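Asker: Can you read through this structure? Questions will come right after.
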Amino acid sequence: MTTWEDAVCEARAAEARIRRVVATAGVALPYLATGRSIAYASPTPRIELGSATVADTRRLADLITKGLESEGQRLRPVPAPGSLVTDTRTMDVGKVVGWDSERGALTLAPADGGEPWDTTVYRESTERERLEFRIAVNRHQVQLVTRRR
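The opening residue of the sequence shown carries number 6 in our numbering; numbering runs sequentially from there.
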């Protein structure tokens, strides 16, 4: 198990690397900092990248896109937390609650409050799927209230 100190050390090394790489590419990220996220089961170091100019942000995005294309990959946006997506393996709809960039996996929470699951194959949910998800959430909330009485 990685200790907090090891994780922070690893995060600072990654921060230093991204600082060197973007500077070499002619991009300035004036604000780089290692912080702490409590959004996970255990505290996780996070690297905050920010305060770049619009031009530097565009350059960085272009460089990343070109790098992905040169590796035969396409740019695939990560849905925002709270978005509803459909796991195309199971066709289950879930709310995005996490993202593992190393595996390219989303963590999705079901409408019934059950156990979240991970998926690497997903698409944006249709309007009908989003509506059915909201109905299922409401049904689950009504059941919880009814049980408490």
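The beta-carbon is built from N, C-alpha and C at its ideal position, and this holds for glycine as well. Computed from a prediction, not measured in an experiment: that's the story for all the values here.
Does the Cβ-Cβ distance between K100 and L89 come in under 7 Å?
Answerer: Within the sequence shown, the letter at position 95 stands for residue 100. Within the sequence shown, the letter at position 84 stands for residue 89. Yes, they are a contact pair.
Asker: Would A116 pass as a contact of V147 if the rule is Cβ separation under 7 Å?
Answerer: As a position in the sequence shown, residue 116 is number 111, starting the count at 1. As a position in the sequence shown, residue 147 is number 142, starting the count at 1. No Cβ-Cβ contact shorter than 7 Å links A116 with V147.
Asker: Expressed to the nearest angstrom, what Euclidean distance is found between the alpha-carbon atoms of M96 and T124?
Answerer: The count along the sequence shown starts at 1 and reaches residue 96 at position 91. The count along the sequence shown starts at 1 and reaches residue 124 at position 119. Rounded to the nearest angstrom, the gap between the Cα atoms of M96 and T124 is 11 Å.
Asker: Since I52 sits in a beta bridge, which residues does DSSP pair it with?
Answerer: Within the sequence shown, numbered from 1, the residue matching residue 52 stands at position 47. Note: I52 sits in a beta bridge opposite T39.
Asker: Distance check for D92 and R133, CA to CA, integer angstroms please.
Answerer: Numbered from 1 along the sequence shown, position 128 holds the residue referred to as residue 133. Numbered from 1 along the sequence shown, position 87 holds the residue referred to as residue 92. The alpha-carbon atoms of R133 and D92 are separated by roughly 15 Å.
Asker: Looking at L68: is its Cβ nearer than 7 Å to the Cβ of A30?
Answerer: Against the sequence shown, residue 68 aligns to sequence position 63. Against the sequence shown, residue 30 aligns to sequence position 25. Closer than 7 Å, so yes.
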